[in-house]
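Number of protein chains: 4
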Amino acid sequence: MSVHQTGLRVRYAETDQMGVVYYANYLVWMEVARVEFCKSVGFSYEQMEREDGILLAVAEVHCRYLYPARFDQEVTIHTSLADAHPRMVRFAYEMRLGEDGRKLAIGETKHVFCGRDLRPTRLPEKYHRNFGIG
Amino acid sequence: MSVHQTGLRVRYAETDQMGVVYYANYLVWMEVARVEFCKSVGFSYEQMEREDGILLAVAEVHCRYLYPARFDQEVTIHTSLADAHPRMVRFAYEMRLGEDGRKLAIGETKHVFCGRDLRPTRLPEKYHRNFGIG
Amino acid sequence: MSVHQTGLRVRYAETDQMGVVYYANYLVWMEVARVEFCKSVGFSYEQMEREDGILLAVAEVHCRYLYPARFDQEVTIHTSLADAHPRMVRFAYEMRLGEDGRKLAIGETKHVFCGRDLRPTRLPEKYHRNFGIG
Amino acid sequence: MSVHQTGLRVRYAETDQMGVVYYANYLVWMEVARVEFCKSVGFSYEQMEREDGILLAVAEVHCRYLYPARFDQEVTIHTSLADAHPRMVRFAYEMRLGEDGRKLAIGETKHVFCGRDLRPTRLPEKYHRNFGIG
Numbered sequence: 760m761s762v763h764q765t766g767l768r769v770r771y772a773e774t775d776q777m778g779v780v781y782y783a784n785y786l787v788w789m790e791v792a793r794v795e796f797c798k799s800v801g802f803s804y805e806q807m808e809r810e811d812g813i814l815l816a817v818a819e820v821h822c823r824y825l826y827p828a829r830f831d832q833e834v835t836i837h838t839s840l841a842d843a844h845p846r847m848v849r850f851a852y853e854m855r856l857g858e859d860g861r862k863l864a865i866g867e868t869k870h871v872f873c874g875r876d877l878r879p880t881r882l883p884e885k886y887h888r889n890f891g892i893g
Numbered sequence: 760m761s762v763h764q765t766g767l768r769v770r771y772a773e774t775d776q777m778g779v780v781y782y783a784n785y786l787v788w789m790e791v792a793r794v795e796f797c798k799s800v801g802f803s804y805e806q807m808e809r810e811d812g813i814l815l816a817v818a819e820v821h822c823r824y825l826y827p828a829r830f831d832q833e834v835t836i837h838t839s840l841a842d843a844h845p846r847m848v849r850f851a852y853e854m855r856l857g858e859d860g861r862k863l864a865i866g867e868t869k870h871v872f873c874g875r876d877l878r879p880t881r882l883p884e885k886y887h888r889n890f891g892i893g
Numbered sequence: 760m761s762v763h764q765t766g767l768r769v770r771y772a773e774t775d776q777m778g779v780v781y782y783a784n785y786l787v788w789m790e791v792a793r794v795e796f797c798k799s800v801g802f803s804y805e806q807m808e809r810e811d812g813i814l815l816a817v818a819e820v821h822c823r824y825l826y827p828a829r830f831d832q833e834v835t836i837h838t839s840l841a842d843a844h845p846r847m848v849r850f851a852y853e854m855r856l857g858e859d860g861r862k863l864a865i866g867e868t869k870h871v872f873c874g875r876d877l878r879p880t881r882l883p884e885k886y887h888r889n890f891g892i893g
Numbered sequence: 760m761s762v763h764q765t766g767l768r769v770r771y772a773e774t775d776q777m778g779v780v781y782y783a784n785y786l787v788w789m790e791v792a793r794v795e796f797c798k799s800v801g802f803s804y805e806q807m808e809r810e811d812g813i814l815l816a817v818a819e820v821h822c823r824y825l826y827p828a829r830f831d832q833e834v835t836i837h838t839s840l841a842d843a844h845p846r847m848v849r850f851a852y853e854m855r856l857g858e859d860g861r862k863l864a865i866g867e868t869k870h871v872f873c874g875r876d877l878r879p880t881r882l883p884e885k886y887h888r889n890f891g892i893g
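Chains as they are written, first to last, in our numbering: chain A, 760 to 893; chain B, 760 to 893; chain C, 760 to 893; chain D, 760 to 893.
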């Protein structure tokens, strides 16, 4: 599967008093990377949610923190599709410092396709090829 | 008008690398205090939004930061209604350290009543007395 | 080991456009619960960080989301010590709706004791019994 | 004075259950824009904080919300220096939708130069010309 690369810069708001990025913010970065990944394989998450009423509810997240990121550093996130079915999808993430490629964290998220009522549903067929299903 | 008092404790997540609470988080505290204020005058913001489809969109915020709050400190927020009409409402906030009453910040928010479409609307009459509109 | 129970109420800020709590905020709740757990076993995280220069850097997090939490709901977090050594500690969390006890999420965090320079260190002996070490 | 333009894209994390960007996040955007503005006039906020121990503590913020921003929209922030003295600086912000230039919000922040102890200090002379002081 394809790997998509997203860049972002650490915001002051994302640091904590330890002087490094607060751990929950890596999950926000995963979301940013995930949205961009989806665009890179040809579909808009925003559109799927608005037009088809399909949401990607997070079912599980895992993250290992290897090296702390700091304010104003550039971070590169490599996102790939780890698994995809009509009912769920898993993404894998690798976060690195832009400057020297040092690995900051690795993570994974698992998502379930849901309707607006947040009940599990199936991904519409028209999106299957975007996720390599089928 | 009544003044409502809300207490909260500073979360690690709310600090930044300056070692104090990041400035945007005071607005989150105002929201927490506002929601509790509404309950104290007899109505549930959550219910109004869910049952009547009335939202309180923020139109304006102002905050003066007087003294920095730090991790794990108790903060007390005094909230009062500064103004209320069927179309808008203004709240005033005073944030103090729980420990010694030192003033941390003062703020104000102005809100417009909106429907789900985010267009301005009028507060239903049944809620008028909660806001002292009369 | 002891289990500590922490209560909090969902903030509007913690929701996202799906109408439920954004997934990264569960990690903030884990932090709130962890800090309270530490107090319940007799020591202050804030003090350890300030006086001894010992930080609890997060090394790993895992969270499974079972049921979505919504604005203004009360959430109860049961926190326990899953493992503790002089170099690291693991906490386990179970988050439930206050109203009916419905399980919202389960999670785990692993932490490494660090000095101010963020290099791994050993937990000072005086704190060992708080964590049931040795 | 110069006006600097910063672009960003609305994150899912920044929305709330109203379906629009939560109001406190505009202050995070101001910070992002402010940091970029500083770079554009030739100095690094990160470096000043790390090397000179000079912090820009926020003393006051004001924001007027004109139109709601939504997930995945591009936002453009125009930042300018409203005022600058050796002891304080004020920034003005104008936030617009990237797509059609619609004005989302206008804001202002006032900052006081502080040392690491968070006591007011003077901006070192070497930075004066960056802020047009003198």
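Think of the CB as a built atom: it goes at the ideal place given N, C-alpha and C, for glycine as much as any other residue. In this text, all values refer to a predicted model and were calculated from it rather than measured experimentally.
Interface criterion met: the Cβ of residue 771 of chain B is under 8 Å from a Cβ in chain C.
Excluding the 5 residues flanking it on each side, residue 807 of chain B has same chain C-beta neighbours closer than 6 Å at 813, in chain order. Counted as a single uninterrupted DSSP element, the stretch harbouring residue 882 of chain C is not any alpha helix (DSSP H), since DSSP gives it neither H nor E.
Taken in chain order, the members of the stretch 816-836 of chain D whose beta-carbon sits within less than 8 Å of a beta-carbon on chain B are 816, 817, 818, 819, 820, 821, 822, 823, 824 and 827. Per the DSSP secondary-structure output, residue 833 of chain A pairs in a beta bridge with A:768.
By the C-beta density criterion, residue 859 of chain A is exposed, having fewer than 16 other C-beta atoms within 10 angstroms. For the stretch 765-823 of chain D, the full-length alpha helix (DSSP H) segments reaching 4 residues or more read 784-799 along the chain.
Taking C-beta atoms as the reference points, residue 777 of chain D and residue 868 of chain D fail to come closer than 8 Å.
Around the Cβ of residue 881 of chain C, a 10 Å sphere holds fewer than 16 other Cβ atoms; the residue is exposed. DSSP lists B:815 as the beta-bridge partner residues of residue 872 of chain B.
The closest CA to that of residue 774 of chain C, considering only D:783, D:800 and D:804, is found on D:783.
Here residue 826 of chain B is not bridged, per DSSP, to any residue.
Contact check for residue 823 of chain A and residue 864 of chain A: beta-carbon distance about 6 Å, within the 8 Å limit, so the pair qualifies. In chain order, 816, 818, 846, 847 and 879 place their CB closer than 7 Å to the CB of residue 871 of chain D, counting only its own chain and leaving out the 5 sequence neighbours on each side. Its chain contains 780, 828, 829, 830, 831, 832 and 834 as the residues whose beta carbon lies nearer than 7 Å to that of residue 769 of chain B, once the 5 sequence neighbours on both sides are disregarded; these appear in chain order. Non-local beta-carbon contacts of residue 877 of chain B in its own chain, meaning distances under 8 Å to residues more than five positions away in sequence, involve 814 and 816 in chain order.
Closest in alpha carbon position to residue 837 of chain C, among C:772, C:785 and C:803, is C:785. For residue 764 of chain C, the closest of C:771, C:787, C:801 and C:795 by C-alpha to C-alpha distance is C:795. Residue 866 of chain B sits buried, since 16 or more C-beta atoms from the chains shown fall within 10 Å of its C-beta.
Residue environment for residue 771 of chain D: buried (at least 16 other C-beta atoms within 10 angstroms of its C-beta).
Boundaries of the beta strand (DSSP E) around residue 850 of chain D: 847-856. The bridge partners DSSP lists for residue 840 of chain C are C:850.
Residue 866 of chain C is bridged by DSSP to C:822 and C:852. Between residue 811 of chain B and chain A, the shortest Cβ-Cβ separation is not below 8 Å. Taking a Cβ-Cβ threshold of 8 Å, none of the residues of chain A is close to residue 841 of chain C; the smallest such distance is about 15 Å.
Excluding its 5 nearest sequence neighbours in each direction, residue 802 of chain A has C-beta neighbours in its own chain below 8 Å: 886 and 889, listed in chain order.
When the alpha-carbon of residue 856 of chain C is set against those of C:825, C:804 and C:811, the nearest one is in C:825. With 16 or more other Cβ atoms inside 10 Å of its own Cβ, residue 793 of chain B counts as buried. When rounded, the separation of the alpha-carbon atoms in residue 766 of chain C and residue 892 of chain A is 42 Å.
Cβ neighbours of residue 811 of chain C within its own chain (closer than 7 Å, five residues either side excluded): 883.
What residue 775 of chain A touches in chain B, judged by beta-carbon distance under 8 Å, is 771, 772, 774, 775 and 776, going in chain order.
At a cut-off of 8 Å between C-beta atoms, residue 794 of chain B counts as an interface residue with respect to chain C. Shown here for residue 875 of chain C: same chain residues with a beta carbon closer than 6 Å to its own, the five before and five after excluded, namely 812 in chain order.
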